[in-house]
Structures are given as structure tokens and as C-alpha cells.
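So in UniProt numbering, spot 68 of the sequence shown is number 68, and the numbers just go up one at a time.
Glycine is no exception: its CB is placed at the ideal position from the N, C-alpha and C atoms.
Reviewing the structure listed below.
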Amino acid sequence: MTNFTSPAIEARDLRKQFAGGAAVEDVSFPVSSGRVVGLLGPNGAGKTTTIRMLLGLVAPDSGTALIHGNPYAELTDPLSVVGAVLDAGGLHPGRSGRQHLRVAAAQARVGAGRVDKVLAEVDLTAAADRPISGYSLGMRQRIAIATALLGAPRILVLDEPANGLDPAGMRWLRQRIRAFADGGGAVLLSSHVLSDVSQIADDIVIMQAGRVVADLPLADALDANDGDLERFYLELTGAGSAVR
Ligand SMILES: Nc1ncnc2c1ncn2[C@@H]1O[C@H](COP(=O)(O)OP(=O)(O)OP(=O)(O)O)[C@@H](O)[C@H]1O
Ligand SMILES: [Mg+2]
Numbered sequence: 001m002t003n004f005t006s007p008a009i010e011a012r013d014l015r016k017q018f019a020g021g022a023a024v025e026d027v028s029f030p031v032s033s034g035r036v037v038g039l040l041g042p043n044g045a046g047k048t049t050t051i052r053m054l055l056g057l058v059a060p061d062s063g064t065a066l067i068h069g070n071p072y073a074e075l076t077d078p079l080s081v082v083g084a085v086l087d088a089g090g091l092h093p094g095r096s097g098r099q100h101l102r103v104a105a106a107q108a109r110v111g112a113g114r115v116d117k118v119l120a121e122v123d124l125t126a127a128a129d130r131p132i133s134g135y136s137l138g139m140r141q142r143i144a145i146a147t148a149l150l151g152a153p154r155i156l157v158l159d160e161p162a163n164g165l166d167p168a169g170m171r172w173l174r175q176r177i178r179a180f181a182d183g184g185g186a187v188l189l190s191s192h193v194l195s196d197v198s199q200i201a202d203d204i205v206i207m208q209a210g211r212v213v214a215d216l217p218l219a220d221a222l223d224a225n226d227g228d229l230e231r232f233y234l235e236l237t238g239a240g241s242a243v244r
């Protein structure tokens with residue numbers, strides 16, 4: 001049952017170990033409705049593993065991953081609750097954007113009428129009938145986001161959504177994410193690019209070597225560091241000496 005008094009997303013003491021060692025240790029943070037939370041950290045920090053645990057794709061060794069107070073696996077209609085973009089690859093190149101969305105809608109048991117709506121939401125109506133093989137990276141990202149929106153979720157989880165986007169694509173993404181959160185949606189997005197996140201996020205969670213090393217409103221991070229978020233980030237992630 002959906003519990004609206006709980007945060008939209010909550011990681012509680014998540015831990016995951018792979019053969020190579022601990023990937024995620026004691027990771028806790030909430031994502032509330034109306035907020036955009038940027039999950040930051042260098043390559044290998046544990047961002048994707050954390051996101052995969054929140055979406056029930058990786059079982060934590062300990063801790064809990066909750067969506068409105070319930071594990072993802074217990075949601076009765078998960079695609080109408082959480083939309084996720086994990087990897088914009090894996091799109092069938094011979095299909096058109098519209099065909100891809102129709103297949104995804106059928107798989108998600110979402111009415112085909114949603115296809116035209118989400119195409120419009122990501123501004124891809126004009127290109128909808130062209131094969132995906134001719135799409136730019138930015139258009140592929142939009143199709144991936146459209147797929148996540150099919151179930152009209154109020155929570156979006158985006159792993160590295162800015163990868164490969166040009167400045168116009170970034171601005172588009174920023175505006176869409178802002179509008180989604182301003183409409184009461186909750187967004188968790190990851191990036192290893194500080195500038196991408198600092199233009200979108202309300203709150204930042206910084207991970208380093210599997211652990212959360214900072215979790216605070218973006219404005220507080222800026223205030224406490226004379227606006228120099230990069231220095232703060234590099235110091236926390238242990239790369240500060242490299243830029244001195
Ligand atoms: N399936 C797996 N098997 C073994 N090790 C894994 C697996 N998935 C992740 N890891 C390891 O866990 C650690 C965290 O990886 P993860 O992909 O979560 O980091 P990330 O923060 O998403 O990095 P990036 O910015 O490169 O995407 C890394 O050391 C990685 O090699
Ligand atoms: Mg990753």
C-alpha cells in the first residue's frame with residue numbers, strides 16, 4: 001500500500017558487497033516529493049548499485065530500500081509509481097520511437113493512448129516514426145525518458161541521464177525535471193559530472209568509495225563553500241590534491 005507520509009524514496013543503511021569488496025556501505029538518504037536529489041560521486045562510488053537496490057534490481061546484503069515506505073518488489077503497479085532510466089542503450093535500432101513505446105506500453109500493460117502523450121512530453125512527436133537507428137544520443141535519451149513516463153509515475157530515477165547530451169539537451173532535461181518536481185514529483189538522478197547536477201538538484205548526496213560523505217541542500221553546500229562547489233566535491237571525494 002502506498003504510504004504518502006513516508007518519503008517517496010528512502011535508502012536505509014544499504015549495504016552491498018561484490019567479489020571485489022564492498023560497493024555500498026551504510027548508505028541512507030531520503031528523496032521527498034517535490035525535490036530533485038542529485039546523487040554524486042566519482043566512477044565506482046556506488047551510485048548505480050544504490051539505484052539498482054532502490055529499484056529492486058540488486059538485493060542488498062543488509063538495509064532497506066523503500067518506495068513510499070514499501071520495497072519496490074511489493075508495489076502492486078510499480079511502473080505507475082516509479083519511472084526509471086538506467087541505460088539509454090538497448091533500444092531496438094530498427095524500430096521507430098513510436099514502435100518502441102508501443103511495445104513497452106504493452107509490456108507494462110499501459111494503454112496505447114499513453115504513447116502519443118509521452119512522445120509529446122519529450123518533444124519527439126515529429127520524429128516518432130523514424131527508425132531509432134537514425135536518432136541522436138539526445139533523442140535516444142528522450143525515448144528512454146518517455147518509456148519511464150509511460151505509467152505516469154510520480155517518482156523518476158535516472159542513472160546518468162545527462163550522459164552524451166549537448167547543451168540544448170541538458171537545458172531541455174533540466175526544464176523537464178524541474179517541471180516534474182514542481183508538479184509534486186520526486187526525482188533521484190545520478191551523475192559524476194558536478195556541473196550537471198548543480199544546475200538541477202535541490203539536494204545533493206555525495207558518495208565516495210561506497211559511503212555517503214555529504215547529504216545536504218545544494219544551497220547550503222554553496223553557502224558553506226563561497227559558491228565553490230567543485231572544491232567541496234573534490235575535497236570530499238579525495239581528489240582535491242589533484243587540482244592544486
Ligand atoms: N555486478 C557487479 N559485480 C561485481 N562488482 C560490481 C558489480 N556492480 C558494481 N560493482 C562494483 O561496485 C563498485 C561500485 O560500482 P557502481 O557501478 O555502483 O559505481 P558508480 O558510482 O555507478 O560508478 P560510475 O560513475 O562509473 O557509473 C565498483 O567497484 C564496481 O566495480
Ligand atoms: Mg554508475
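Between the alpha carbons of residue i and residue j, how many angstroms are there, rounded?
| i | j | result |
| --- | --- | --- |
| D34 | L156 | Reading off the sequence shown, one finds Gly at residue 34, where the question assumed Asp. Cα-Cα distance, rounded: 11 Å. |
| R12 | S28 | 4 Å |
| E74 | I51 | 17 Å |
| G134 | S80 | 30 Å |
| R98 | V212 | 40 Å |
| D182 | S190 | 19 Å |
| I67 | R178 | 21 Å |
| T49 | A209 | 12 Å |
| G169 | A19 | 37 Å |
| R231 | L222 | 10 Å |
| V82 | V187 | 10 Å |
| D228 | L218 | 11 Å |
| I132 | T76 | 32 Å |
| N225 | Y233 | 10 Å |
| Q199 | P7 | 23 Å |
| V103 | E235 | 46 Å |
| H100 | D129 | 10 Å |
| W172 | L216 | 25 Å |
Mind checking whether the beta-carbon of residue i lies closer than 6 Å to any heavy atom of ligand 1?
| i | result |
| --- | --- |
| residue 245 | Missing from the structure shown is residue 245; the chain here goes from 1 to 244 and no further. |
| T48 | yes |
| A84 | no |
| F29 | no |
| F232 | no |
| H192 | yes |
| L23 | Just to set this straight, residue 23 is Ala in the shown sequence, not Leu. Answer for A23: yes, Cβ within range of ligand 1. |
| G56 | no |
| G20 | yes |
Please classify residue i: does DSSP put it in a helix, a strand, or coil?
| i | result |
| --- | --- |
| V58 | coil |
| S198 | helix |
| D13 | strand |
| V205 | strand |
Is it the case that the CB of residue i approaches a heavy atom of ligand 3 more closely than 6 Å?
| i | result |
| --- | --- |
| A144 | Absence of ligand 3 is noted for the structure shown, with ligand 1 and ligand 2 being the only ligands found. |
Original post:
For the 8 Å Cβ check, are there 3 or more pairs between the segment 41-58 and the segment 194-202?
Top reply: no
Original post:
For the 8 Å Cβ check, are there 3 or more pairs between the segment 146-154 and the segment 116-129?
Top reply: yes
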